[in-house]
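> My structure is below; once you've seen it, I'll send some questions.
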Amino acid sequence: MQRAQNILTVASPGRRTLLKAAGVAATGTLFGRRVLAQDNVTRIVVPFPAGNPIDAIARVLAEALRQSTGRNYIVDNKAGAAGIIGTSEVARSRPDGSTMLFTTGGHNTNAVLYSKLPYDVSRDFTPITQLLVSPGFVLLTRADSRFKTLADVLAEAKAKPGTVSYASWGPGNTTHLVGALFARAARVDLMHVPYKGSPFPDLLGGHVDLTWFGTSPSMQLIQEGKVRALAISWPQRIPELPNVPSVAEFGFKDVDIPSWGGLFGPAGMPAALVQSIHADVVAASRRPEYVAAMKTMGATITNMAPQQFAELNAEELRRHRKDIGPLAIKLD
């Protein structure tokens, strides 16, 4: 799984069923545009592998847009280098609406973690819309863990510095960053164990103690009784997990990293085209099947206006440089 990914999950029968119901194959359609491309198809680049969470959301949206607009779209997975490969390709594309980027908040964290990106996240892209948001990350441990509460974790981490481990989906992945921000806020020394893919086999096998995971996909694991939720990085408790305390209740601030999915185009897109694409997304997101799918995934539909999305990205960059920069996590 790629580092830049902010919306995380594991392969599950429920999600496979959802994708099947959406009727979208791996080369399915996405984001039909009154396309200027020669083959009358709009290409939406997803900079992560096929089958991952942001890809799954893109394909559900694809079907809604196809039905809403009657136009053709393709999802083009360009994975690699923490999402940088696919993102770079969009930055080099024509600003005519024929190629767009569907990505996560990792778009902005990359700007802090990499000093030599082949693009500028602000200058080389046109923000179109934030499509959806998911509330924070959940601190999980296996169901039979010795840790029953967050207080248990803090007590052992302070008594035995550097021995309590937390797994992530890779160096610089949001699950790593949230863990590092939490450790700094709680003033504890935790052992970071990065994985190239899912850390859940080792978590469930007892080889690592903890992991931070997206709230939405955590629900199924919690409901299945495989894991225990100890805390959430969101500023307050959420209705879906009323018994799971927020880290803010322990006095820990600046732990969360926003988890969202958004759409960008290359720099220089005409304002009228951007507004038109945004209107298409809004119309598609009102389709009952899309609404139901996002509810199943635990995501809140936002459909943020282009200017508001641009302002959000600018503010996130400022905050990431302030909060993540001092962690001295560099990936180049």
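First residue of the sequence shown: -12, per the working numbering; consecutive thereafter. Note that CB positions come from ideal geometry on N, CA and C, so glycine has one too. Since the structure is predicted, the reported quantities are computational estimates derived from the model, not experimental observations.
1. Between R305 and the rest of its own chain, which residues show a CB-CB distance below 6 Å, the 5 nearest in sequence each way excluded?
2. Any idea what DSSP makes of R215, helix, strand or coil?
3. Can the beta-carbon of A130 be found less than 8 Å from the beta-carbon of R58?
4. Does DSSP put R79 in a helix, in a strand, or in coil?
5. Let me know if Q210 comes out buried or exposed under the rule of 16 or more other beta-carbons within 10 Å of its beta-carbon.
6. What residues in its chain sit with their C-beta under 7 Å from that of N27, if we drop five residues either side in the sequence?
7. Whose C-beta lies closer than 7 Å to the C-beta of T128 among residues of the same chain, with five residues either side of it excluded?
8. Candidates F112, T86, R81: which alpha carbon is nearest D63's?
9. Just the C-alpha distance for G367 and A279, rounded to the nearest angstrom, thanks.
10. Are T289 and L119 touching if we call contact CB-CB under 8 Å?
11. In the DSSP assignment, find the beta strand (DSSP E) that holds L197 and state where it starts and stops.
12. In or out: G159 buried (at least 16 other Cβ within 10 Å) or exposed?
13. For the beta strand (DSSP E) containing Y101, name the first residue and the last one.
14. Under a Cβ-count criterion, where at least 16 other Cβ atoms within 10 Å of its own Cβ denotes burial, should N39 be classed as buried or exposed?
15. For P122, which of helix, strand or coil comes out of DSSP?
16. When you compare only the Cα positions, how much space is there between N95 and I311?
17. Find out if the Cβ-Cβ distance for the pair A142, F239 is shorter than 8 Å.
18. Can you tell which of L228, R224, G67 has the C-alpha that lies nearest to the C-alpha of G184?
19. Keeping to the same chain, check which residues put their C-beta closer than 6 Å to that of I225; ignore five residues upstream and five downstream.
20. Leaving aside the five residues before and after E303 along the sequence, list all residues of the same chain whose C-beta is less than 6 Å from its C-beta, in chain order.
In terms of the structure at hand:
1. none
2. strand
3. no
4. coil
5. exposed
6. N59
7. F134, D196, L197, V214, R215, L217
8. Relative to the Cα of D63, the nearest Cα in the group F112, T86, R81 belongs to T86.
9. This structure leaves residue 367 out entirely; the chain is present only between -12 and 319.
10. yes
11. 197 to 201
12. buried
13. Secondary structure note for Y101: it is in no beta strand (DSSP E), with a DSSP letter that is neither H nor E.
14. buried
15. coil
16. In a straight line, the C-alpha of N95 is about 11 Å away from that of I311.
17. no
18. G67
19. Excluding sequence neighbours, I225 sits near P122.
20. Contacts found: N95.
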